[in-house]
Every structure is written in structure tokens, then in C-alpha cells.
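Reminder that position 366 of the sequence shown reads as 366 in full-length UniProt numbering, one-by-one numbering, no gaps. The beta-carbon is built from N, C-alpha and C at its ideal position, and this holds for glycine as well.
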Amino acid sequence: MAQPERFSNLPEYAFPRLRNLLNGVGPGGEPVIMTIGEPRHPMPDFVAPIITETLHLFGKYPPNEGTPELLDAIAGWVQRRYGVDLSPSRITALNGTREGLFNAALALCPEQKAGDRPAILIPNPFYQVYAVAAAAVSAQPVFVPATEQTGFLPDYAALDPSLLDRTVIAYICSPANPQGSVASDAYLERLLELADRHDFLVFSDECYSEIYRDTPPPGALAVADRMGLADRVVIFNSLSKRSNLPGLRSGFAAGSEANIAALRRLRSYSGAPVPLPAQAVSAAAWADEAHVDANRALYQRKYDLADRLLGNVPGYRGPEAGFFLWLPVEDGEAAAVTLWREAGIQVLPGAYLARQVGDENPGQGYIRVALVADEDTTARALGLLRQTIYRGA
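Printed below as a string of C-alpha cells:
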């Protein structure tokens, strides 16, 4: 059977591409994997006891939208973090944010807009599920550069107004993966004004929101609520990075009652509900900040390490938030091969996280380095990285 045409132009996913790139190249030292954004800090202490206490609940079908206890815990966290009061009907549990970022496009993207094919705006570089969601709904993906010139955030306002009139969804990731940039209140206000003027939704991917240097990043729903535009935004967050629980596959989406109802309706047919023991762990995690504060402090120490070891490298920019370094190099693939062959350090070429538009790929001159290992391993790896590819700096 032939592959559906709408998926035929999707490039190979980043990690299989990296395996092919490094195939036949041996590591030049004890391997340090700094590619995937998989947190390796300790899980909260309460996880195992709660799983043990609720083990029998694996024998029950869980509710798709989340238990009342989980929805209340998420609403409580949103109120404490952003000052926004949400009823449970404005929240739905997700099996990780990737599922929600995809399904929300299926649930909320119309087949046409302004009598034409709808457009979905995507920052470039980007989390690859955004492009797959656009392909699934047969929308035109519009890859908008998020480069140093634009503060590493997409300048959607610079697009042609006729394109914006066809736009149905604009994805934004703040803190950004991979660049670590943060959308300010002013940026979010401008984006929401644009969405209201041209009648589109903002899907705000905020899964790195609790890992930052000094100041908590603003949230799109809080800005929208203050502007009276809550129906223009859906936010997505999870426990993967905040609580070091990537394997729990637990997140949420929140927005207006109508938008969340549409997402819930789709998920009742096709969603994968979070198992009840995992929902019990999730409720406890959203209610607790002590483990989040401790986790953030570990990352802040690694920010300091990166600044000290790489701060005088030309073009270095320490991340405002998140746990990735977006390091400038002449060629990302060449740097990745060199680091693996000479130092045993595995990083991801930036081009694998971006899309070629015309003659340019905005990730070509970068590598992404995940600061997820312990402090000692990170210090050793960053020292080797500097010696290997920034010898003259």
C-alpha cells in the first residue's frame, strides 16, 4: 500500500538520522550522550509509594479527561503559578504533551479557511510533532525562522497578511526547544493580538516552563486571560521535565471550555488515557513544589558550568531556560562527527531539528547539547567539548 502523500515529504526523524551519521564511527572516549532531552535527575520520593498503593487500579479503565483529583491538582498549580482560575472543564489530561500537540490540531483545525487551504505556523527550528500535525490535517506548514536576528523566537507578525488570514494555528514553544529563549509578556501580547486580528489559535508548548535561571517564564494562558482572549490559546505542559518523570507520560492541555471540549471529544475516541496509578502520581506531583525547586537548582548549577566553560566562545549564548545549549559551529553534522570520534560526546546537529526553506536551514550552524547528566559528568563533557571544537577560542 502506498504511503499517504501528506506524509511523504516528512524527513527522517532526528535520532535515526544521527545514528546513520555516526554509523561506523567509534567513540573517542567514554561515551557521554547529550542528544536526547531525557531528564536524568532523581524522581520525586513519593512516586514509588503512590504506585504501590494504587497498583490495583491498573485493573480499571481510566477516564480520558483525567480524574477529578488530577484536574483539581492541575487547576491548583495553574492558579499558584500563573494566577489563572480554571474550572476542570477547561483542562484535559494528556498522555504526554506530544499526544496533545498532535491531537489538538486534529480537533481544532478546520478543513478550509478563507475559502482556501489552511496554514499552520511553525517556528524553525521546532519540535517535530508540529509538522506532523500539520501534515495530518492537510494544512500548509509555514516554517518561520527563529534565529538570533529574531531573538530565537518566530516573528509571525512579519508574515504576509493574506497568509495570516489563512492561518488556523500558530505553534510557539517557550521556553524554546532548542534555543532556550523565553517569550516575554510583550511578545505573547503581540502574538495574541495577531491571533485575534486574523482569527487563529495559539498552541503554546510550555513543557520547559519550570526550568529557568532566575525569573519564571510567562505563560500564554495567563496573558490571554488578562487580555480577555482565553479562547485564542491552548497551553500544553507535562511532568516530564518539571518532575523528572518522562516515562510517566502525563501532561495536560488547558484553554477555553469550547476548545478543551473539542479536544476531549476527539480523545474519547482516539486518545490514550493516563493509567489511574499514573494519574495519582501526577496529582501529587502538580501539588508539590519542593522537588521542582530542587530540580531547578541542579540545572542552575549546570547553567553556571556552561557559562564558565564556554562563555568566551564567540557566539555563545547561555539559555534563559530549559536544559539545552544551542551552540554555534561551522557545520552541525561535521561538529557532531568530530565530537563523537575524538571525545566520545554525542550531540545533535541543529539542522536535524529544523527544516530547509529555500537555501537556508536555520539549524545548520548549530549543535544541540542536552544538560541532563549529573554535574560532574556535564563538567567533564563540556570541558572536552570545548577542547575538541573550540580549540582556538
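Within the segment 98-150, complete alpha helix (DSSP H) segments of at least 4 residues are found at 129-136, given in chain order. In the displayed model, F7 falls within a helix according to three-state DSSP.
The beta carbons of P31 and Q346 sit closer together than 8 Å. As computed with DSSP, W340 is found in no beta bridge at all. Within the segment 140-219, the runs of beta strand (DSSP E) at least 3 residues long that lie entirely inside it are, in chain order, 140-145, 167-173 and 201-205. Closest in alpha carbon position to R232, among A278, F7 and A170, is A170. Look at T92 here: in three-state DSSP terms it is strand. As the crow flies, the alpha-carbon of G358 is around 31 Å from that of V25. In the displayed model, V281 falls within a helix according to three-state DSSP. For G251, the uninterrupted beta strand (DSSP E) segment begins and ends at G251 to A254. DSSP, reduced to helix, strand and coil, places F323 outside both helices and strands of the structure shown, so it counts as coil. Under the DSSP definition of a beta bridge, S238 partners with G251.
Apart from sequence neighbours up to five positions away, the residues of its chain that approach L21 with a beta-carbon distance below 8 Å are E333, A336, V337 and P349, ordered along the chain. The Cβ atoms of R90 and E206 lie no closer than 8 Å to each other. With respect to the 8 Å criterion, G28 and A370 are not classified as neighbours on the basis of their beta carbons. When DSSP states are grouped into helix, strand and coil, Y61 belongs to the coil group. Listed as beta-bridge partners of L348 by DSSP are R368.
For E375, the enclosing alpha helix (DSSP H) stretches over residues E375 to I389. For F143, the closest alpha carbon among the candidates L188, A133, V281 and P154 is that of P154. The beta-bridge partner set that DSSP reports for V233 consists of V202.
When P277, E53 and S184 are compared, the shortest CA-CA separation from K60 is found for P277. As computed with DSSP, V292 is found in no beta bridge at all.
Listed in chain order, the non-local C-beta contacts of Y13 below 8 Å within the same chain comprise Q128, local neighbours out to five positions each way being set aside. Rounded to the nearest angstrom, the gap between the Cα atoms of L305 and A379 is 7 Å. In this structure, R386 lies away from L266, with their beta-carbon atoms at least 8 Å apart. Taking the C-beta atoms as reference points, F152 is found nearer than 8 Å to Q179. Taking the C-beta atoms as reference points, G247 is found no nearer than 8 Å to N237. Secondary structure at E53: helix, using DSSP grouped into helix, strand and coil. Cβ neighbours of N244 within its own chain (closer than 7 Å, five residues either side excluded): P39, H41, P42, M43 and N295. DSSP places E38 outside both helix and strand once states are collapsed to three, so it counts as coil.
Here DSSP, grouped into helix, strand and coil, assigns P328 to strand. Rounded to the nearest angstrom, the gap between the Cα atoms of S282 and D116 is 42 Å. Separation of L57 and R190 (C-alpha to C-alpha, rounded to the nearest whole angstrom) is 45 Å. Excluding its 5 nearest sequence neighbours in each direction, A107 has C-beta neighbours in its own chain below 6 Å: A262, L263 and L266, listed in chain order.
With a cutoff of 8 Å on beta-carbon distance, I50 and A280 are scored as near each other. By the C-beta density criterion, A186 is exposed, having fewer than 16 other C-beta atoms within 10 angstroms.
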